[in-house]
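Trainee:
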Amino acid sequence: MKALRYCSALFFKTLSYSQNSRVWWRASKDNTNYVKSLIDVIKDQPEVHELIKEIAAGMGQSLENNKPFYIEELQNKSNLSESTLPVSDFKTQVYVIVTPQCASACLDAIDVFKQFSNTQLFGAPSSADSLYMDVRLADLPSGLGKVIVPNKVYVNRARGKGDYYKPDIAYNDIDWTTDKLLEKIKLL
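Under the working numbering, think of the first position of the sequence shown as 9, with each following residue one higher.
(1) Am I right that residue 175 and residue 108 are in contact with their C-beta atoms under 8 Å? What's the rounded C-beta distance?
(2) According to DSSP, is residue 145 helix, strand or coil?
(3) How is residue 28 classed by DSSP in three states: helix, strand or coil?
(4) Which value, in whole angstroms, describes the spacing of the CA atoms of residue 71 and residue 79?
(5) Going by C-alpha to C-alpha distance, which of 155, 124, 171 and 148 sits closest to residue 138?
(6) Shortest alpha-carbon distance to residue 128 belongs to which of 105, 144, 195 and 158?
(7) How about the stretch 144-158 and the stretch 187-196: do they share at least three Cβ pairs that are nearer than 8 Å?
(8) Quick check on DSSP: helix, strand or coil for residue 100?
(9) Pick from 74, 126 and 28: whose alpha carbon is nearest that of residue 101?
(10) Can you give me the C-alpha to C-alpha distance between residue 40 and residue 31, rounded to a whole angstrom?
(11) Just to confirm my understanding: we take residue 75, look at its own chain, exclude 5 residues before and 5 after, and list those with CB closer than 7 Å. What are they?
(12) By the three-class DSSP mapping on this structure, what secondary structure does residue 185 have?
(13) Hey, how far is the Cα of residue 187 from the Cα of residue 130?
(14) Between residue 155 and residue 140, which are expected to be in contact by the criterion C-beta below 8 Å, what is the C-beta distance as a whole number of angstroms?
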């Protein structure tokens, strides 16, 4: 997750997204085949490519062992408890610009940034997301429609389903250009 890398670089050497949060991939035959099909699609993105190969292999192994889920290994285990905020010597005020379209990975990034007391959200309320993610489309047996099938679910994620972020500093202007946003932030 890029947000973890950025926050770790700025604030803290070992940072974990959430101590208890896990990702469970539904290892059905169709889901596993779908994830395997992504390996070629993202071959030009080395970091994601390796992750998808690992997930596809784990799902395949779970499927072979008749296990309904492949549970991702924790990537970065820290010694912090879930209720402990990380401490950092980086004291500069950080403003995270939040648009109404902020969902999914954007919300994950805010989850990490908001662990630090010197971070403020600037902008609009974010969107919300579900615990069920990375969906694929599947044809209905009748052929008359499609259904959306989630491939993974977050288990024990600190942010609940449907939760969103309210800005610490609301921005209600129509102009959301970079220059205008920076102008407003410089006045804070």
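C-beta atoms are modelled at their ideal positions from N, C-alpha and C, and glycine is treated no differently.
It should be emphasised that the depicted structure is a prediction, and the values quoted were computed from it without experimental measurement.
Mentor: Considering the structure as presented:
(1) No, residue 175 and residue 108 are not in contact; Cβ-Cβ is about 10 Å, not under 8 Å.
(2) strand
(3) coil
(4) 12 Å
(5) The option with the nearest alpha carbon to residue 138 is 171.
(6) 105
(7) With the cut-off at 8 Å, the stretch 144-158 and the stretch 187-196 do not touch.
(8) Coil at residue 100, not helix or strand.
(9) 126
(10) 15 Å
(11) These residues qualify, in order along the chain: 35.
(12) coil
(13) 14 Å
(14) Residue 155 to residue 140, Cβ: 13 Å. No contact.
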